[in-house]
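For the sequence shown, the working numbering begins at 2 and goes up steadily by one. Read through the structure below, which is laid out as structure tokens, and then see the notes.
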Amino acid sequence: MAYSTRCWQRFGDAGTTSDKGEPHVAPKTLDVMPEWSSSPAATLAELRKFADDEALMPWQRGHVADVLHIPQPQAAGLMTAVAERGLVLPYLGGSAQLRLAYLVGEERPGGSSILPPPSIQSLTTRDCYARRDGWLCHLCGRKTRDGYDTPREWSSLDHLVPRSEGGSDYPSNIKTAHISCNKARRVRPVAEFAGSPLTRIAEGRWP
Ligand SMILES: [Zn+2]
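Structure representation (structure tokens):
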């Protein structure tokens, strides 16, 4: 927790001294907004440089303004623009409720993030991963559908490495799956289950 608090201060507006006790020096900001700022997609490309191995980054106005070297009001506008287009998922992470964001389209190896991941209980998170995965079930390869008449085909979040085996809730360990495929897989290895007759049984498509 101590580390999180220090992160928050460093990323936030509150701190006036650095970790070494040196006076805080405001980074130089540009007088003219850079060309990439006119497009949300190009803004996202800039933000990618500052996301970690799980495509997570602090989503605090002061921090974003610092890393992009732009004034805070403009940073706030760009943050809203990319979030409204679904390019990032802003969320409150961990017990400290840190303001963080997941860069939705990013496929990264994962494994070394110190930032808490998005809550997998949230429907917004589920839909975000579904969009990332093209609304396809990673176990049977078919589309997920959220209609009232298709309960077997609802999308859910499946852990590649099951939680019971130490799998995390980080984006690199989460894939979209039909709720029926997810339940039928349980903790079987993905390679054993994906595309096997079991997925067709799970979906009521067998024989
Ligand atoms: Zn499926």
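From the three backbone atoms N, C-alpha and C, an ideal C-beta is built for every residue, glycine too.
Which one of the options has the shortest CA to CA distance from residue i?
i	options	result
valine 65	Leu93, Arg100 and Glu85	Arg100
glutamate 204	Arg146, Ser40 and Gly87	Arg146
serine 114	Ala102, Gln122, Arg133 and Gly78	Ala102
arginine 86	Asn174, Gly142 and Arg132	Arg132
proline 91	Pro110, Ile180, Gln75 and Leu116	Leu116
leucine 45	Val105, Gly95 and Asp67	Val105
lysine 50	Gln122, Arg109 and Ser120	Arg109
proline 118	Gln75, Cys138 and Ala97	Ala97
serine 1	Ala82, Gly112, Leu199 and Trp155	An answer regarding residue 1 cannot be provided, because it is not within the stretch 2 to 208 covered by the chain.
arginine 153	Trp136, Gly167 and His179	His179
glycine 142	Ala42, Gly95 and Asp134	Asp134
With a 10 Å radius around its C-beta and 16 neighbouring C-beta atoms as the bar for buried, classify residue i as buried or exposed.
i	result
glycine 196	exposed
tyrosine 130	buried
serine 173	buried
glutamine 122	exposed
threonine 125	exposed
serine 181	buried
serine 156	buried
glutamate 166	exposed
tyrosine 171	buried
glycine 111	buried
Please report the straight-line C-alpha distance between residue i and residue j, rounded to a whole angstrom.
i	j	result
threonine 177	proline 59	25 Å
valine 191	leucine 140	7 Å
glutamate 193	valine 162	13 Å
leucine 48	leucine 69	8 Å
arginine 7	isoleucine 202	The predicted model places arginine 7 with a pLDDT of 38, which falls under 50 and marks its position as unreliable, so this point remains unresolved.
leucine 158	serine 169	12 Å
histidine 160	isoleucine 175	5 Å
glycine 78	leucine 93	19 Å
glutamine 73	glycine 63	6 Å
glutamate 36	alanine 52	21 Å
cysteine 138	lysine 144	6 Å
valine 188	leucine 199	13 Å
threonine 151	arginine 164	27 Å
alanine 43	leucine 88	11 Å
alanine 256	glutamine 75	Because the chain is modelled from 2 through 208, residue 256 falls outside the range shown and cannot be assessed.
glycine 148	arginine 186	22 Å
Who are residue i's beta bridge partners in DSSP?
i	result
alanine 178	Ser157
tyrosine 58	It is methionine, not tyrosine, that sits at residue 58 in the sequence shown. Looking at the DSSP assignment, methionine 58 forms a beta bridge with Ala102.
leucine 93	Arg100
leucine 137	Lys144
With respect to the alpha helix (DSSP H) encompassing residue i, which residues constitute its N-terminal and C-terminal limits?
i	result
cysteine 141	Note, cysteine 141: premise wrong, no alpha helix (DSSP H); not H, not E.
glycine 196	No alpha helix (DSSP H) holds glycine 196; DSSP gives it neither H nor E.
leucine 45	41-49
aspartate 53	Per DSSP, aspartate 53 belongs to no alpha helix (DSSP H) and is neither H nor E.
proline 74	73-85
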